[in-house]
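1088 is the number that the working numbering gives the last residue of the sequence shown; the numbers go up by one with no jumps. We treat Cβ as the ideally placed atom computed from N, Cα and C, and that holds for glycine. Quick caveat: nothing in here was measured; it's all calculated off a predicted structure. Below is one structure, written out as structure tokens; the observations come after it.
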Amino acid sequence: MAEKEFDYAKVKDGSLYSENTLPPRSAHRFYASEAEFRNRTTGLSESLNGYWKFSYAENYESAVRGFESPAYDCRKWDEIRVPASIQLEGYDRPMYTNIQYPWDGREAILPGEIPTIYNPVASYVKYFELPARMSGGPVFLSFGGVESAYAVWLNGTYVGYKTDSFTGAAFDVSDSVREGENKLAVQVFKWSAGSWLEDQDFFRLSGIFRDVTLYTVPKLHVDDIEIRTSLADDYRSGLVRVRLEIRGAAEVSGTAEVVFSRKRFPVLSEIRPAEAVTEFRIPIEKPRLWSAEKPNLYELTVVLRDETGEIIEIVPERVGFRRFELSGGIMKLNGKRIVFNGVNRHELSATNGRSVTEAEMIEDIVLMKRLNVNAVRTCHYPNQARFYELCDEYGLYVIDEANIESHGLWFAYATGQIPEGTVLPGDRPEALGVVLNRAKAMYERDKNRPSILIWSLGNESFGGVNFYEMSKYFHEVDPARLVHYEGVAWDPRYPDTTDMISRMYVPAAEIEAYLKENRGKPYLSCEYAHAMGNSSGALGKYIELTEREPLYQGGFIWDFADQALWKKDRYGNATLGWGGDFDDFPTDFNFCANGLIAADRKLTPKTQEVKFQYQPFKIRVDKKAIVIENKSLFSDSGDFDCVLTLEKEGRILLSSKLKTAVGPGASESYPTGLPEGLAAGEYVVTVSLRLRKATRWAEKGYEVAFGQAAFRVGDPSVPFTIDAETLRRFAPVLARAVPGFRKATVPAEKRAFEVIDGTMNIGVRGLSFDALFSKNHGGLVSYRYGGKELLKGIVRPNFWRAPTDNDRGNRMPERYAQWKIASLYVSHRDAEDPAGDLEPRLTIEADAAVIRYLYRLPTRPAACVEVEYRVFGEGTIETTLTYEPVPELGDMPEFGMIFKLDADLDRVSWYGNGPAETYRDRKAGAKLGLYSNRVVENLAAYTIPGETGNKTDVRYAAVMRPNGEGLIFSSETFDGMEFSALPYSPHELENAGHDFELPPVHYTYVRAALGQMGIGGDDSWGARTHPEYLLDAGASMRFRFRFRGIERASALWT
């Protein structure tokens, strides 16, 4: 029986899901004629999106009363956009929390209660005219999504109530709508009883954030359509089952026709009498199968006609043939073992909040495809219906997740703050109907989407019988899909709740150990490789595990995009804000910024690694042969152009196309065909697989996969030298003889140098340069080349990097704080005994002046490093940093030297890994080559400034003014050094909480290093960098590199 009145007590009722809503149905479009169908326009519906009248209140007690009455004039109210989150329209404030409920510490409440002091209420009114076409017929009102609960009135009549922010609802308003003007009133409650089940790790917003539509239906109408496909075991034939629920079939003697076609060419059709339930079984020979690699879709069109044969309604749908199953304990798609190279994605726009546009959805999907992502988990709620259609079309596998998370309650129980029976939904009988309704709403709307392979019951809500009942529901209504729930790992009383083992943030080695003992179910990492800030280190370990352990079938990186919202700073500049930036407390600050890409959809350097690790071909290259392993399930390497290039220090010597034919799951070897008799030096062979044809998501020629190898020709004992031809291109002045930069005989007159051993300084003067080493201040204080000063501070040893989010999470700054102090206060002086100050040692050799400094580090226990400068007559300074270990000090974040240069030196070129930044545990996706950019471009778009811009395996690098003047740095070995050039020091980066807090740029800071520790990424709250990617400070360390001035360079920047 329909409820006639609304009582606010319903908002607090945890057993109430909705009132007066229509049963959930499939999300399908319908048209009244062929013309409407062709034009994709319809007169059967009217969008109520646009500007509505609006009143805001901080809680229910202060909310407007009686506004739903036709006599209450709301025309002078403010206006607000619909759809939109009110917090992005100037009302209330965005609020971010992760585990904690947003009222924690403000109001002491438990399930059965809701906040009363601060719990915003949004009152909406829309005046509209009933379209003439709807007059006299049935009229319905639908809401795509409202957060978190809402009551609806039309012309003063109570229509209904709904919870569950992320699935829609429809109401029959035929009895309350009228011709002429109508008044629609909606009251939205930010937090309701349903909010206890919506404790997702996201911004807490509210309002009508999806479409509102008024619609009617013709006398024959497809109320619901269910499409199921099945395939023969040999996949050569299939069957489409179509089940229609037809409204009006009892009153109208009509027909239902199903037309099955591909690319608008009919394959077959079938006509049946239109009945309340009308079913079709359509056999298809040689169906084109659907997969993320080849998203083949058929068009299915339902045509309803009345007794005269007139078309009453046309319903278009798309069908994908695929079989997803558990076979032999392995998840298989169309008979092949599937690996999910996935990401988690919150449905959030930095501009529009929850109201994500179709263009924004497409942008995300295109980026995913370009990064070789093949799967997405809709964390942690159903997305807009259109998103799944786009996944069908572009090709992405989907885990569709129910809108259930009670992480805060689970955490409180796990820490002994509340009894087990308090956790929702748990075993609580009053919660069963609510969670089953949430499951049903998701299933019914999304059931026809071939991209959805797995239903997920929710997220981080412990376990219990209610989840088991949800799982039974999905298995009963949809045996063609699997069911996922990670919470079973924490509450294993009902193990059959999930078809797979699912865990979060478990290191690859632990997963492998677990699977050696537990072979009953496949394993999925529903969240892994936490991508917060500068992260995603050691990702390849998970990918390697998918290759050697059949039961490990991949995972979903957390997460795809930073959650952040545009806001204005105090000066009116647009900036991206996260938790705490909106005066939203309690908060979890920037823990919402865990994306591979930024909130404005700019790529971060992490994507370079992800794209490589997720690439569908594994390409191994050496001097003689190429091995291409096809990890695809359904694609052939012949679908791509295979391009081989041979380079010497960035110069392409050879480029050719290879003809390959590596089938799915196969591996083939091909000769490189490189020429014999190559001159001595270092060469790089790169093999690239590129799209042969343009796709919906990338242009022709887009690189999908690559492999690369470097090799040397000549005596392996010869130290690294820069190739002369490269020097002529890179910096023409360096084509002159330069010890350490290229192999050459240096004329005696250019070896000449003069040493001035003064009272406070040691000066060395030679060809076009002079250097000054301070005895008093302890280091190289001046280096002039071509008469121009290049230094702006003392060159110093450096042991520190600006902490990353991962570093802060695992307390690296606390554990390694002595190395920060050592970097700031390293000195040649003795703090306790001035008589113990250490003078630099000067030695004059035949071809160089040698100055050695011994620095004391203010650590406990004390340690020392030695820096040796070997100055040659043409200006090269060979620098050697040596450290003898003090075991008690532990690991060192970085071991190198830092240079403070003028900010005019704002261009950098390097021969090493690129183009994006790399670290010792995140460099597999880089290519060895010659790269250039501006210094400021090495600041990655991480929400909190920190370590960024590092480059690994750098053979040489130059930092220059626009005219080419500057410094060039060279590694001693072919293995290269680590190098960065940034507009800020590590300490300036560390001190800033936002990028806008960084000071104006005055300097360029160059760090040349033996290395720094990897950046990690298993998680961001405790996991440390893997041991093999740490600097071994327990052993002696020695780092040698060279630098010298450049007078000018070629036009690299034009």
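- Between the beta-carbon of residue 796 and that of residue 874 there is about 7 Å, and that keeps the pair under the 8 Å contact cut.
- Using a Cβ-Cβ distance cut-off of 8 Å, the segment 674 to 691 and the segment 706 to 721 are in contact, since at least three pairs of beta carbons, one from each stretch, lie closer than that value.
- Rounded to the nearest angstrom, the Cβ distance from residue 119 to residue 239 is 4 Å, consistent with a contact under 8 Å.
- When DSSP reads this structure, residue 87 sits in a beta bridge with 113 and 159.
- At a Cβ-Cβ threshold of 9 Å, residue 561 and residue 676 do not count as neighbours.
- Residue burial annotation: residue 521 is buried, with at least 16 other C-beta atoms found within 10 angstroms of its C-beta.
- Under a 10 Å Cβ-count criterion, residue 311 is classified as exposed, with fewer than 16 other Cβ atoms of the shown protein chains found around its own Cβ.
- Here residue 229 has 182 as same chain residues with Cβ atoms under 6 Å from its own Cβ, once five neighbours each way along the sequence are excluded.
- The secondary-structure analysis by DSSP pairs residue 142 with nothing; it has no beta-bridge partner.
- In the DSSP secondary-structure assignment, residue 1001 is bridged to 993 and 1079.
- For residue 425, the enclosing alpha helix (DSSP H) begins and ends at 419 to 428.
- Beyond the five residues adjoining it in sequence on each side, residue 811 comes within less than 7 Å, by CB distance, of 828 in the same chain, given in chain order.
- At the C-beta level, residue 472 and residue 231 come within 9 Å of one another.
- For a cut-off of 8 Å, the C-beta gap from residue 66 to residue 347 is around 6 Å, short enough to register as a contact.
- Non-local beta-carbon contacts of residue 939 in its own chain, meaning distances under 7 Å to residues more than five positions away in sequence, involve 993, 994, 995, 1000 and 1038 in chain order.
- Residue 286 is not a Cβ neighbour of residue 218, given a cutoff of 9 Å.
- By the beta-carbon neighbour count (other beta carbons within 10 angstroms, threshold 16), residue 629 is buried.
- Distances from the CA of residue 694 to each of 704, 90, 350 and 687 were compared; the closest alpha carbon is that of 704.
- In the DSSP assignment, residue 241 forms a beta bridge with 181.
- Cα atoms of residue 948 and residue 468: separation of roughly 51 Å, rounded to the nearest angstrom.
- Residue pairing for residue 1046: DSSP places it in a beta bridge opposite 928.
- Counted as a single uninterrupted DSSP element, the beta strand (DSSP E) harbouring residue 876 occupies residues 875 to 878.
- The beta-bridge partner set that DSSP reports for residue 329 consists of 324.
- Counting the other CB atoms within 10 Å of its CB gives residue 910 a total of 16 or more, which places it among the buried residues.
- Inter-residue distance for residue 804 and residue 920 is about 36 Å (C-alpha atoms, whole angstroms).
- For the set 818, 1047 and 447, the Cα lying nearest the Cα of residue 1080 is the one of 818.
- By the neighbour-count criterion, in which 16 or more other beta carbons inside 10 Å mark a residue as buried, residue 587 falls on the buried side.
- DSSP places residue 72 in the uninterrupted alpha helix (DSSP H) bounded by 68 to 73.
- A check of alpha carbon separations from residue 282 across 941, 341 and 617 identifies 341 as the nearest.
- Positions of the alpha helix (DSSP H) runs, each at least 4 residues long and wholly inside the segment 459 to 525, are given as 463 to 480 and 499 to 511 in order along the chain.
- The DSSP-derived three-state label of residue 905 is strand.
- The continuous beta strand (DSSP E) containing residue 255 extends over residues 255 to 265.
- Taken through DSSP and simplified to helix, strand or coil, residue 938 comes out as coil.
- By DSSP's assignment, residue 1007 forms no beta bridge with any residue.
- In this structure, DSSP gives residue 736 a state outside helix and strand, which the three-state scheme calls coil.
- Here the alpha carbons of residue 132 and residue 908 stand approximately 59 Å from one another.
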